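To start, the structure under review is shown below, and the notes come after it.
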Amino acid sequence: MSRTARWVLAIAALQAALVGVYWLVEHQRAPKTDESLGTDPPQHVDMPMPSLTVARRGGSRSELLSPQRRTLVHVWATWCPPCRAELPGLLAVPSQHDVDVIAVTLDQSWDDVDRFLGDMKASDIVLAGSEDVERALGVRTLPVTFLVEADGRLTLRFDGARDWTDKAFVRTYLEERVDGR
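If you're matching positions, the sequence shown starts at 227 in our numbering and goes up one per residue.
What follows is the structure, encoded as structure tokens:
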């Protein structure tokens, strides 16, 4: 084998190795989806809601949340089957309970979101716009929902899809909580 051929082969092998390492890193960094309906109780947390900037329709960027009311911050994606199943029930929560919902999608464009939503009424959906949301909230699986009290403190973390149409579930976690604790 000529010297040039060996160099070409070595460079090709190095490129293949770099592509493999890149794929592994990206694959592990992306949130995993939780295919089962979450039955575990939510995790209790007590921390201030991180300051996060998101992309709104029309391209403007703004603070994710400036709570004055209790808010469910829901992180999801159109490519996540359990997220797609859960979202309609979650978006109906504000009409029945004293809580707002902000759905933060990890999708890269509004096209995918609009295709999924179709005629579904959803006014408070925003694009994460960067990995800051995932990193700041510690998103490891999709979907994940956080209860943020009116004082801006995260108090509950729901990992995995939930049945937001289940009245007993909603009553337990959204109505019967005293002082958000």
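Note that CB positions come from ideal geometry on N, CA and C, so glycine has one too.
Fair warning: this is a prediction, and the values are worked out from it, not measured in the lab.
Glu360 in three-state terms, based on DSSP: helix
Simplified DSSP state of Gln269, which is helix, strand or coil: strand
Straight-line gap, Trp305 to Tyr399 (C-alpha atoms, nearest Å): 27 Å
Reduced DSSP category for Asp326 - H, G, I as helix; E, B as strand; rest coil: If DSSP states are grouped into helix, strand and coil, Asp326 belongs with the strands.
Beta-carbon separation (whole angstroms), Ala354 vs Val374, contact threshold 8 Å: That pair is no contact at about 16 Å.
Proximity test, Cβ basis, 7 Å: Ala348 and chain D: The chain inventory of the structure shown lacks chain D, comprising one protein chain alone.
Proximal residues to Gly315 (C-beta, below 6 Å), its chain only, five neighbours per side dropped: Trp390 and Thr391
Leu363 to Ala311 span [Cα, whole Å]: 22 Å
Phe342 versus Pro308 - alpha carbon distance: Linking Phe342 to Pro308 through their CA atoms gives a straight-line distance of about 13 Å.
C-beta atoms of Leu240 and Ala303 nearer than 7 Å: no
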